[in-house]
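The structure appears below as structure tokens.
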DNA sequence: ACGTGTGAAAATATTCACAGCT
DNA sequence: AGCTGTGAATATTTTCACACGT
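Residue numbers (my numbering), protein chains in the order written: chain D, 1 to 258; chain R, 1001 to 1258.
And the structure:
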């Protein structure tokens, strides 16, 4: 995944890099890592509401998973709960923060300031969750030099300098698909090791670089798939009405019958 | 209680479907569904370049996966390749389109027209990949009535009417976290069955409704985790006991192990 | 009592490797 | 000779269920 590894989102990201050396360092499974961010969000919410202790059951509910999965996930970080009691909200928050490497606010570069890029530049969620947008970069002359959310847009030719000057390890790519691989190459050679890609393209990167992608249309397509299935199945339709159990027209759009 | 199906990016989605109806319809695994959208994108690109036939090897490269996985994925749709030759681009494109339910352009409602919502409203990728934004909805009086990308913004109180009038099954939620559950409830009661949620909140929905979430900060946090590992972290969380709580200057790039 | 932490079982997903069709 | 389709082998993830600490 990411690296296309997925996010499963999604989707996936890539992975790789073969083996883990014997010296196992508590490797946290990928699926777990993806959920830690959600747990963290839930914990912060609880903390703000003054909750000091939480059980796996309620934290799981707040995060939208089941409690067994939550406990198993947390167990990869170590043993921070108290039997019979639950988890201390601040201890666990701290621990997940540390695991995710969010202790220092990480500097992020945002490349591409079209509609999406501009929206991302103003997204408060980045700042509040551990990231500082340290540079805005675009290739369009009309944009370069303008100020946006407190930063001056810089030209993509400055990219390498900026990355080095600001010690940027993570970049967000929001350029058109046609430009994405080029931007990606520049980022990689400037030393960026993690990329969040919004362009609908597969990026080729060396194995030490991690790419996660967010493909908005793909998300809708996945929903569409399930929706398609649903509408062919009367049973699921809500208990309330009469169920018309009429058979599905075999005209099939639904699946494959093999 | 509300059932919910959450899914994480790459993984995990829903469940269900227990029964295996005799008429087995080879249900497509969730992980496969998530990749079909990527294959489709790659196929369309190939088609536009005039490629008529493609091997699993090259399609896989274009989609950023390995060929065994691609073939296995495609095999769930049926048998559309030709041994010794490869896949016909248009046949396969068509087939994936059908599987994803993209035959009819699906009407989508977009709720929330802040920065992100406005960017999404103008995102060409939706239209080109099977979706038609049929309604823009917001609660803010200053926005309601304005025109945006050819549509007039409507008030959220009209939501139920709009959904019914336009036969909307899929909605994109881009409102602030605090408003998301309320909007979601309205959508569900109006009959929407699939929701793409950009608000950083867990949505509670009945089990016949599907929610996918896109959490931008979470994506960065996942990258941060891997990045943290890459740069070699002095403190190993966990298991072995006491952690020295003193903060270590993270500047150090310690040797990577791998 | 209560709720964590975790082995073991079950379910999913990925990869291998090759038989079989063109 | 080339490439798909797929069982079988692996690997990963989820779920179960209960021993154990508080």
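Cβ coordinates follow ideal geometry from the N, Cα and C atoms, glycine included.
Quick one: using the 10 Å Cβ neighbour count with 16 as the cut-off for buried, is residue 1082 (chain R) buried or exposed? In the second chain, residue 1082 (chain R) corresponds to position 82, counting from 1. The residue is exposed, with fewer than 16 neighbouring Cβ atoms inside 10 Å.
Short of 7 Å Cβ to Cβ, which residues in the stretch 1148 to 1182 of chain R face chain D? 1169, 1170
Could you tell me the distance, in whole angstroms, from the CA atom of residue 140 (chain D) to the CA atom of residue 183 (chain D)? Position 140 of the first chain holds residue 140 (chain D). Position 183 of the first chain holds residue 183 (chain D). Cα to Cα, the separation comes out at about 13 Å.
Measuring CA to CA, which of R:1172, R:1220, R:1067, R:1125 is closest to residue 1210 (chain R)? As a first step, residue 1210 (chain R) is located in the second chain; it is residue number 210 there, counting from the start. Residue R:1172 is the option with its Cα nearest to residue 1210 (chain R).
C-alpha distance - residue 1144 (chain R) paired with residue 227 (chain D), whole-angstrom precision: If you number the second chain from 1, residue 1144 (chain R) lands on position 144. If you number the first chain from 1, residue 227 (chain D) lands on position 227. Going by the C-alpha atoms only, they are around 29 Å apart.
Minimum Cβ-Cβ distance from residue 1227 (chain R) to chain D less than 8 Å: What you label residue 1227 (chain R) is simply residue 227 of the second chain in a count that begins at 1. For residue 1227 (chain R), the answer is yes, since a Cβ of chain D falls inside 8 Å of its Cβ.
Just verifying my parser: in three-state terms, what is the DSSP assignment at residue 1215 (chain R)? Position 215 of the second chain, counting from 1, holds the residue named residue 1215 (chain R). DSSP places residue 1215 (chain R) in coil when its eight states are reduced to three.
Less than 8 Å between C-beta atoms, sequence neighbours within five positions excluded: which residues of the same chain meet that for residue 1046 (chain R)? In the second chain, counting from the first residue as 1, residue 1046 (chain R) sits at position 46. Correct list, in chain order: 1054, 1059, 1062, 1089.
Which residues in chain D sit within 7 Å of residue 1219 (chain R), going by Cβ to Cβ distance? Counting from one through the second chain, the residue named residue 1219 (chain R) turns up at place 219. Residues of chain D passing the Cβ test: 196, 212, 214.
Partner residues on chain D for residue 1106 (chain R), Cβ-Cβ distance less than 7 Å: Along the second chain, one-based indexing puts residue 1106 (chain R) at 106. At a beta-carbon threshold of 7 Å, the residues of chain D lying near residue 1106 (chain R) are 224, ordered along the chain.
Does DSSP put residue 1104 (chain R) in a helix, a strand or coil? The sequence position of residue 1104 (chain R) within the second chain is 104, counting from 1. Coil.
N- and C-terminal bounds of the alpha helix (DSSP H) containing residue 1165 (chain R): Along the second chain, one-based indexing puts residue 1165 (chain R) at 165. It spans 1159 to 1166 - the alpha helix (DSSP H) in which residue 1165 (chain R) sits, taken as one unbroken run.
Throw me the rounded Cβ distance for the residue 116 (chain D) and residue 1123 (chain R) pair, which I believe falls under 8 Å. Here residue 116 (chain D) refers to the residue found at position 116 of the first chain. Here residue 1123 (chain R) refers to the residue found at position 123 of the second chain. Between residue 1123 (chain R) and residue 116 (chain D) the Cβ distance is about 7 Å, and since that is below 8 Å, they are a contact.
Going by DSSP in three states, residue 86 (chain D) sits in which element: helix, strand or coil? Within the first chain, residue 86 (chain D) is the residue found at index 86, counting from 1. Here residue 86 (chain D) sits in strand by DSSP.
For residue 1212 (chain R), count the other beta carbons within 10 Å of its own beta carbon; 16 or more makes it buried, fewer makes it exposed. Which is it? As a working note, residue 1212 (chain R) is residue 212 in the second chain. Residue 1212 (chain R) comes out buried.
Hey, which unbroken runs of the beta strand (DSSP E) at 3 residues or more fall wholly within the stretch 1051 to 1098 of chain R? 1086 to 1088
When the Cα atoms are used, what is the spatial distance from residue 130 (chain D) to residue 1076 (chain R)? By 1-based counting over the first chain, the position of residue 130 (chain D) is 130. By 1-based counting over the second chain, the position of residue 1076 (chain R) is 76. The alpha-carbon atoms of residue 130 (chain D) and residue 1076 (chain R) are separated by roughly 41 Å.
So is residue 1165 (chain R) buried or exposed if we call it buried at 16+ other beta carbons inside 10 Å? Taking the first residue of the second chain as position 1, residue 1165 (chain R) is located at position 165. Residue 1165 (chain R) comes out exposed.
With a threshold of 8 Å between beta carbons, is residue 146 (chain D) in contact with chain R? The count along the first chain starts at 1 and reaches residue 146 (chain D) at position 146. Chain R contact via Cβ: absent.
Distance check for residue 1110 (chain R) and residue 1136 (chain R), CA to CA, integer angstroms please. Locating residue 1136 (chain R) in the second chain gives position 136, counting from the first residue. Locating residue 1110 (chain R) in the second chain gives position 110, counting from the first residue. In this structure, the CA atom of residue 1136 (chain R) is about 5 Å from the CA atom of residue 1110 (chain R).
Coil, strand or helix - residue 1109 (chain R) by DSSP: Translated into the one-based positions of the second chain, residue 1109 (chain R) becomes position 109. Residue 1109 (chain R): strand per DSSP, three-state reduction.
Please compile the residues from chain R whose C-beta is within a distance smaller than 7 Å of the C-beta of residue 49 (chain D). Position 49 of the first chain, counting from 1, holds the residue named residue 49 (chain D). Result: empty, since nearest Cβ-Cβ is about 13 Å, beyond 7 Å.
Quick one: Cα of residue 1087 (chain R) to Cα of residue 192 (chain D), how far? The residue given as residue 1087 (chain R) occupies position 87 in the second chain. The residue given as residue 192 (chain D) occupies position 192 in the first chain. Straight-line Cα distance between these residues: approximately 37 Å.
Measuring only between beta-carbons, confirm whether residue 89 (chain D) sits less than 8 Å from chain R. If you number the first chain from 1, residue 89 (chain D) lands on position 89. No, because no Cβ of chain R sits closer than 8 Å to the Cβ of residue 89 (chain D).
DSSP three-state assignment for residue 22 (chain D), whether helix, strand or coil: Taking the first residue of the first chain as 1, we reach residue 22 (chain D) at position 22. Any answer about residue 22 (chain D) is weak, because its pLDDT of 31 lies below 50 and its placement is not dependable; what the coordinates show is given next. For residue 22 (chain D), the secondary structure class from DSSP, reduced to helix, strand or coil, is coil.
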